[in-house]
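So the sequence lines, in the order shown, correspond to chains A and B.
Residue numbers for the first sequence follow the working numbering, beginning at -5 and rising by one.
Residue numbers for the second sequence follow the working numbering, beginning at -5 and rising by one.
Note sheet for the following structure.
Protein chains: 2
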Amino acid sequence: MEAVLSRKEQIERTATALFKTKGFSATSMRDLANALGIEAASIYSHIKSKEEILQRVCFRMAQEFFDALDTAESINGTATERLQRAIAAHVQVLTKNTAASAVFLHEWRHLSEPYLTEYLSLRDRYEGRFREVIREGISNGEFSVPDEKFATLMIFSGLNWIHTWYKPDGKMNPEEIAENLSAMLLTGLNNTQHNTSVNPIHLNTPN
Amino acid sequence: MEAVLSRKEQIERTATALFKTKGFSATSMRDLANALGIEAASIYSHIKSKEEILQRVCFRMAQEFFDALDTAESINGTATERLQRAIAAHVQVLTKNTAASAVFLHEWRHLSEPYLTEYLSLRDRYEGRFREVIREGISNGEFSVPDEKFATLMIFSGLNWIHTWYKPDGKMNPEEIAENLSAMLLTGLNNTQHNTSVNPIHLNTPN
DNA sequence: CCTACCGATCGGTAGG
DNA sequence: CCTACCGATCGGTAGG
């Protein structure tokens, strides 16, 4: 886990943490330099601009979400199973780097064009794939829900709220979070009761 | 609805819209002045500082949320009914002013002390009251959920995601959003199936 | 509500 | 990676 980071990676990681805590706009290049122990001007040997850091974080995270979803969807199954896997994949990416996730979720609006438009379209495509699974589940009778779009919204709300409370040393690990989330979401979605197969997990305390 | 606004209210409302779109830090007093059609210096005849506007918005919204919850909880009933009413109250406040809600939910971190601490403690108390209803529902058997804290988190995630997609002229009005949200959340919470009593509502299209 | 202005800080560059 | 510095802009004040 403690791999050697290039200076550029160090800058990106430190900036991400600052962007998360203070926000992109309120973080100055001098704040960043200070956290790195160098002068502000020196940062520019490694990156072109402050916004470039934000771009890299946002699009790297987008890539990670897509990759995880691709892997999750490469396995066949019922709509329920596929949704569960998609949720688990999303939670994994989210919890693996909470700072980058927070930046991805909240600081993207400081992207300038054409990055902003591209970011928005990536998000749309990603959400569309979840909506597709739900649509299938509705049409084959697995899910019973008044509005497919609303259901997708609910899933993403639960998913993207995680970074606000998740602590790596908390009582739930990412797998348990995903299972609990799926359980809570699916029992609301499921028409017939395979509640027992969704098994919400109880707490083990690792610390 | 189109009441006469004092200059101070005008400033607050315009600032709120800008804070929502650009964020607190990225909004300058010159941006605000420009939107109002006056000079930046003139704003200071009405307010003491940029942060004062943020403080007013955050604590006014906190007050509105508490007032709505007080009213909702003044009516007795089962835990299910009380949770439904609390959710509806929250949705009402949220949708009544989406800009102020967005600022309340995302810009509070730019509050300085002691306001930050007070804000955080207000939120904690508010969430605690939802947690209390859930706790009661669990202990009297209405709800079946592995973790009370997790359930509360899920409710707030669904609740506080609304402002990102809610459109006043969309196909769901606040009451319908609340009912759909309750339905989706409660059927996940409910042990016995009073699904039919929760009645998720279908779309009427006002526009 | 304006003009005129303040010191501080911003993102970023030149040149080594 | 640093020193030295740039023009622009920041939140805010004085005085009317």
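Backbone N, C-alpha and C define an ideal beta-carbon position, used for all residues, glycine too.
A/TYR120: member of the alpha helix (DSSP H) spanning 109 to 133, first to last residue. Excluding five sequence positions before and after A/LYS44, the CB atoms of its chain that fall closer than 7 angstroms to its own CB belong to MET23, given in chain order.
Pairwise C-beta distances place the segment 69 to 83 of chain A out of contact with the segment 29 to 48 of chain A, as fewer than three of them are shorter than 8 angstroms.
For a Cβ distance threshold of 8 angstroms, nothing in chain B lies close to A/PRO162: the least Cβ distance comes to about 17 angstroms. From the beta-carbon of A/PHE144, the residues of chain B found nearer than 7 angstroms are ASN174. Chain A places a beta carbon closer than 8 angstroms to that of B/SER151, counting this residue as a contact. At a Cβ-Cβ threshold of 8 angstroms, A/HIS40 and A/ALA62 do not count as neighbours. Where B/HIS157 is concerned, the enclosing alpha helix (DSSP H) starts and stops at 142 to 159.
With distances taken between CA atoms, A/ALA94 lies nearest to A/ARG50 out of A/ARG76, A/TYR109, A/ARG50 and A/ASN134. Annotation: A/THR92 to B/ILE132 spans about 31 angstroms, alpha carbon to alpha carbon. If you look at A/MET23, you'll find it in the alpha helix (DSSP H) that goes 23 to 30. Residues of chain A whose Cβ lies closer than 8 angstroms to the Cβ of B/TRP159 are, in chain order, LEU147. Among the residues facing chain A, B/HIS104 is included, as its CB has a counterpart in that chain under 8 angstroms away.
Comparing alpha-carbon positions, the option among A/MET166, A/VAL127, A/GLU6 and A/LYS14 lying closest to A/ARG79 turns out to be A/VAL127.
Of all residues in the segment 7 to 18 of chain B, those with a C-beta nearer than 7 angstroms to a C-beta of chain A are GLY17, reading in chain order.
Under DSSP, B/PHE13 shares a beta bridge with no residue. Annotation: A/HIS40 has no Cβ neighbours in chain B at a cutoff of 9 angstroms; minimum Cβ distance is about 24 angstroms.
With contacts defined by Cβ atoms closer than 8 angstroms, B/THR74 and B/GLU136 form a contacting pair. Taking a 10 Å sphere around the C-beta of A/THR181, we find 16 or more other C-beta atoms and assign the residue as buried. Sequence-distant partners of B/LEU110 (beyond 5 residues in either direction) whose C-beta falls short of 8 angstroms from its own C-beta, in its chain, are TRP102 and ARG103. The C-alpha of B/ARG117 lies about 24 angstroms from the C-alpha of B/MET178. Neighbours of A/THR74 across chain B, judged by C-beta separation under 9 angstroms, do not exist; the nearest C-beta is about 14 angstroms away. For B/ALA29, not one C-beta of chain A is nearer than 8 angstroms to its own C-beta.
Interface with chain B (8 angstroms Cβ-Cβ cutoff): A/MET23 is excluded. Short of 8 angstroms from the beta carbon of B/THR146, and not among the five residues preceding or following it, lie these beta carbons of its own chain, in chain order: GLU121, PHE124, ARG125 and ILE128. Each residue's CA atom was taken as its position, placing B/ALA82 and B/PHE60 some 13 angstroms apart. Proximity of A/ALA83 to chain B, defined by a Cβ-Cβ separation below 8 angstroms, is not satisfied. Rounded to the nearest whole angstrom, the CA to CA distance from A/LEU175 to A/ASN28 is 39 angstroms. Listed along chain A, no residue sits closer than 7 angstroms to B/THR92 by beta-carbon distance, the nearest being about 15 angstroms off. Per the coordinates, the alpha-carbon of B/PHE150 lies some 32 angstroms from the alpha-carbon of B/LEU(-1). The residue among A/GLY164, A/GLN86 and A/HIS100 with its C-alpha nearest the C-alpha of A/ALA11 is A/HIS100. Around the beta carbon of B/THR21, a 10 Å sphere encloses 16 or more other beta carbons of the protein chains shown; the residue is thus reported as buried.
Around the C-beta of B/ARG76, 16 or more other C-beta atoms lie within 10 Å, and the residue is accordingly described as buried. Boundaries of the alpha helix (DSSP H) harbouring A/ARG79: 73 to 90, taken from the DSSP string. In this structure, the alpha-carbon of B/ILE32 lies about 11 angstroms from that of B/TYR38. Taking CB atoms only, A/THR65 has no neighbour in chain B less than 8 angstroms away.
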